[in-house]
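Peer 1:
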Amino acid sequence: MAKRKYTKSQLREAGQGYVFLSPTIFTLLVFLIGPIVFALFLAFTRVQLLGDTSFTFVGFDNFTRMVDDTRALIALRNTAFYVIVVVPIQTILALVLAATLNAGLKGEKAFRIIYFLPTLTSSAVLVMIFMWMYRPDGFINSILGGVGLPTYNWLNDPNIALISIMIMNIWATAPFFMVIYLAALQDIPDSLYEAADLDGANAIQKFWHVTVPLLRPVTGFAVIMGIIGTFQLFDQSYMFSGGSGGPDNSTLTVVLLIYQYAFAAYDQMGYAASLAIALAIVILAATLIQRKLSKDEEVY
Amino acid sequence: MKKQTNIAKLLLYAILTSYAIVTLIPFVWALSASFKPLNEILAGGLNFIPQEFTFNNYITIFTEQALFPRWLFNSVFVAVVGTALNLVFNSMAGYALARLSFPGKKTLFITILAVLMIPAQVTMIPNFLILKELGWLNSYQGLIIPGMINATFIFMMRQFFINFPRDVEEAAAIDGLGRFGTFFRIVMPMAKPALAAQAIFVFMSFWNNFMAPLIIMTDASMYTLPVGLNAFQSDYATYWNYIMAASMVFTLPVLVIYIFFNRFFLKGMSFRGDK
């Protein structure tokens, strides 16, 4: 390509462009792109934090170690279980709530404002409130016992603890996707429903044959965002278990494990970095598989 | 036929109301506990109206828990400064990407989009080491500077400025304003709706962030509220009256912002959903 000569005003505009972008370029380089390269380097090293930080190259050791790391396998199993349960339930709940809200009833706005409260509230506050309600003699057991249902040791039973987090997070996240569905629902032209009316469709048939197919792109978005978000579960596990992932590793997630290796030990940072990269690859793969599946569905 | 629609309506209202109750109960229950003395909470009654109404929990956390006001200040400071920087820098970046031409623009734009895909856990460990080298652990800048831009909102501002009328800027240029004067005095004030939507989300993400301050702030006096609340809970596990009062103080600012800016809020949401 021939070298282009820049006019004075073009040069000035380019200069202005770089000035406008300078804070962004600085932050991108120092706190995003630099760290990504650094993380790739760390994943193949052993990091010693005591005294002067030192790095020793260890090849693929960090990655081969994962296979024999029992806690890593537990963390992966817990996280996968969490993703598989939470993503479908929160997506379906969001869709049903949005469709109900969109039915054109009075007071829609008030309901919408109420529903959105948990999404606004900090994870720390929600965990405090739920830890308190989940206590053995707390609100939830009192209500369950009061109507004759079985009560549970929500926080300290290894079979229940992760489910307690699931319930709380589905409750907190579904409204976020509900609002996204709501925006999409309002774009569906009334004429489609009128046509369905002429064919004699009832409300449930209309929902199933008109609303659900038209919302498929939004559902794809909600599922991918859901997968990305649930794979990164950390705050709630950390706070519920006081950082340990207990009882009996039942709330240990991949990100909590990464945190423990990186910041609760002095020489495991390289291994933690390799786990973080493995997690990023798993998330990317899950996202791509979801995309592929939803494309295949569109064919038929 | 008419009767059938009435039944359907009733059913829909029943669904909406029961879910509203499920949503509200934890908040109302926590709010009521924040006005109860500890012995009433521990007695385990299910009364929402306190038998003995008291402000003592709020007074105690502000007067006797020396760190609580400090955590509140830290949270406000980090969230306000962080939001202000984001508003200016994301808008500047979005404007340059939408309006100015310069070599490397496309590469930069693609890089910004690619960064959106990288999970935060990948950069968390290297960032800790970088902040350690800079001596920024346990400092406000350690929490604010790495988060002073946001790829999502750079993208949003770019979309906004692409549709922004050019003749406004041309008129400003004729009046003798330079590029920077035009941007800060003419363009930014006209971008208020987009800025408001951005401000709410950025403020909330600073305000509610748990992981970054947990890693960066090792000294208890530098904690923000989420980390402080968690530390308080593990030290005083049975003082649910104080924990609930602190939780309510913590939630109030976001609630106020949400109620006042609800309109902009939905705009920001639908933007995020459309992508």
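Protein sequence lines, in the order shown, are assigned to chains A and B. The numbering used here puts the first residue of the first sequence at 1, with every later residue one more than the last. The numbering used here puts the first residue of the second sequence at 1001, with every later residue one more than the last. Don't be surprised by glycine CBs; every beta carbon is placed ideally from N, CA and C. On a predicted model such as this, the values are computed, not experimentally measured, just so you know.
Would you check if the distance between the CB atom of B/Leu1225 and the CB atom of B/Trp1071 is smaller than 8 Å?
Peer 2: yes
Peer 1: Whose C-alpha, out of B/Ser1247, B/Phe1210, B/Leu1016 and B/Leu1229, is nearest the C-alpha of A/Lys106?
Peer 2: Comparing Cα positions, the closest option is B/Leu1016.
Peer 1: Assign A/Ser237 to buried or exposed, taking buried as 16 or more other Cβ atoms, counted over all protein chains shown, within 10 Å of its Cβ.
Peer 2: Counting the other Cβ atoms within 10 Å of the Cβ of A/Ser237 gives 16 or more, which makes it buried.
Peer 1: Rounded to whole angstroms, what is the Cα-Cα separation between A/Leu76 and B/Thr1005?
Peer 2: 49 Å
Peer 1: Does B/Arg1263 pass the burial test, meaning 16 or more other C-beta atoms within 10 Å, or should it be called exposed?
Peer 2: Classification for B/Arg1263: exposed.
Peer 1: Determine the extent of the alpha helix (DSSP H) in which A/Ser244 is found, giving its start and end residues.
Peer 2: No alpha helix (DSSP H) contains A/Ser244, which DSSP labels as neither H nor E.
Peer 1: Among the residues of its own chain, which have a CB less than 6 Å from the CB of B/Phe1232, if the five just before and after it don't count?
Peer 2: none
Peer 1: For my contact list, B/Lys1036 and B/Pro1050 are in at a C-beta cut-off of 8 Å; report their separation, rounded to the angstrom.
Peer 2: 4 Å
Peer 1: For the beta strand (DSSP E) that contains A/Val47, what are its first and last residues?
Peer 2: Thr45 to Gln48
Peer 1: How is the beta strand (DSSP E) around A/Thr56 delimited, first residue to last?
Peer 2: Its beta strand (DSSP E) spans residues Ser54 to Phe57.
Peer 1: Can the beta-carbon of B/Ile1186 be found less than 8 Å from the beta-carbon of B/Ala1172?
Peer 2: yes
Peer 1: Is the stretch 139-147 of chain A touching the stretch 184-192 of chain A, taking contact as three or more C-beta pairs under 8 Å?
Peer 2: no
Peer 1: 8 Å is my cut-off, CB to CB: does B/Gln1121 come that close to chain A?
Peer 2: yes
Peer 1: Are the CB atoms of A/Phe221 and A/Val255 within a distance shorter than 8 Å?
Peer 2: No, these two residues do not count as a Cβ contact at 8 Å.
Peer 1: Out of curiosity, what's the CA-to-CA distance linking B/Ile985 and B/Phe1183?
Peer 2: Examination of residue 985 of chain B is not possible in this model, given that chain B is present from 1001 through 1275 alone.
Peer 1: Does the beta-carbon of B/Asn1074 have 16 or more other beta-carbons within 10 angstroms, so that it is buried, or is it exposed?
Peer 2: buried
Peer 1: Is any beta-carbon of chain B found at less than 8 Å from that of A/Phe303?
Peer 2: Examination of residue 303 of chain A is not possible in this model, given that chain A is present from 1 through 300 alone.
Peer 1: Are the Cβ atoms of A/Phe116 and B/Ala1096 separated by less than 8 Å?
Peer 2: no
Peer 1: Would A/Thr100 count as contacting chain B if we go by Cβ distances under 8 Å?
Peer 2: yes
Peer 1: Give the secondary structure of A/Tyr266 by DSSP, where H, G and I count as helix, E and B as strand, and everything else as coil.
Peer 2: Correct three-state label for A/Tyr266: coil.
Peer 1: Under 8 Å between C-beta atoms, does A/Gly242 make it to chain B?
Peer 2: yes
Peer 1: Is there at least one Cβ from chain B nearer than 8 Å to A/Val210's Cβ?
Peer 2: no
Peer 1: Hey, is the stretch 76-85 of chain A in contact with the stretch 93-113 of chain A, meaning 3+ C-beta pairs nearer than 8 Å?
Peer 2: Result no; under three Cβ-Cβ pairs closer than 8 Å.
Peer 1: Hey, which unbroken runs of the alpha helix (DSSP H) at 4 residues or more fall wholly within the stretch 1080-1152 of chain B?
Peer 2: 1105-1115, 1120-1134 and 1140-1144
Peer 1: Where does the unbroken alpha helix (DSSP H) through A/Arg216 begin, and where does it stop?
Peer 2: Arg216 to Phe231
Peer 1: May I ask which residues mark the beginning and end of the alpha helix (DSSP H) holding B/Phe1206?
Peer 2: Lys1192 to Asn1208
Peer 1: So which of B/Phe1210, B/Met1244, B/Pro1253 and B/Phe1206 has the shortest CA-CA distance to B/Val1081?
Peer 2: B/Phe1206
Peer 1: For A/Tyr193, which residues from the same chain have a beta carbon less than 8 Å from its beta carbon, with the 5 sequence-adjacent residues on both sides left out?
Peer 2: Answer for A/Tyr193: Lys206 and Val210, listed in chain order.
Peer 1: What does B/Ser1101 touch in chain A if you count any residue whose Cβ is under 8 Å from its own?
Peer 2: Gln10, Glu13, Ala14 and Gly17
Peer 1: Going by C-alpha to C-alpha distance, which of A/Tyr271, A/Phe130 and A/Leu284 sits closest to A/Asp61?
Peer 2: A/Tyr271
Peer 1: Taking C-alpha atoms, which residue in B/Ser1034, B/Ala1199 and B/Leu1012 lies nearest to A/Met128?
Peer 2: Out of B/Ser1034, B/Ala1199 and B/Leu1012, B/Ser1034 has the C-alpha closest to the C-alpha of A/Met128.
Peer 1: When we look at the beta-carbon of B/Phe1271 and count the other beta-carbons within 10 Å, is it buried (16 or more) or exposed?
Peer 2: For B/Phe1271, the predicted structure reports a pLDDT of 49, less than 50, and the residue's modelled location is therefore unreliable. The matter cannot be settled from this model.
Peer 1: Whole angstroms is fine: what's the gap from A/Leu101's alpha carbon to A/Ile92's?
Peer 2: 14 Å
Peer 1: Smallest Cα separation from B/Phe1158: which of B/Asn1208, B/Phe1109, B/Leu1116 and B/Met1248?
Peer 2: The question names Phe, but residue 1158 of chain B is Arg in the sequence shown. Among B/Asn1208, B/Phe1109, B/Leu1116 and B/Met1248, the Cα nearest to that of B/Arg1158 is on B/Phe1109.
Peer 1: Looking at the secondary structure, which residues open and close the alpha helix (DSSP H) in which B/Thr1218 lies?
Peer 2: It is not in any alpha helix (DSSP H) - B/Thr1218 carries neither H nor E in the DSSP assignment.
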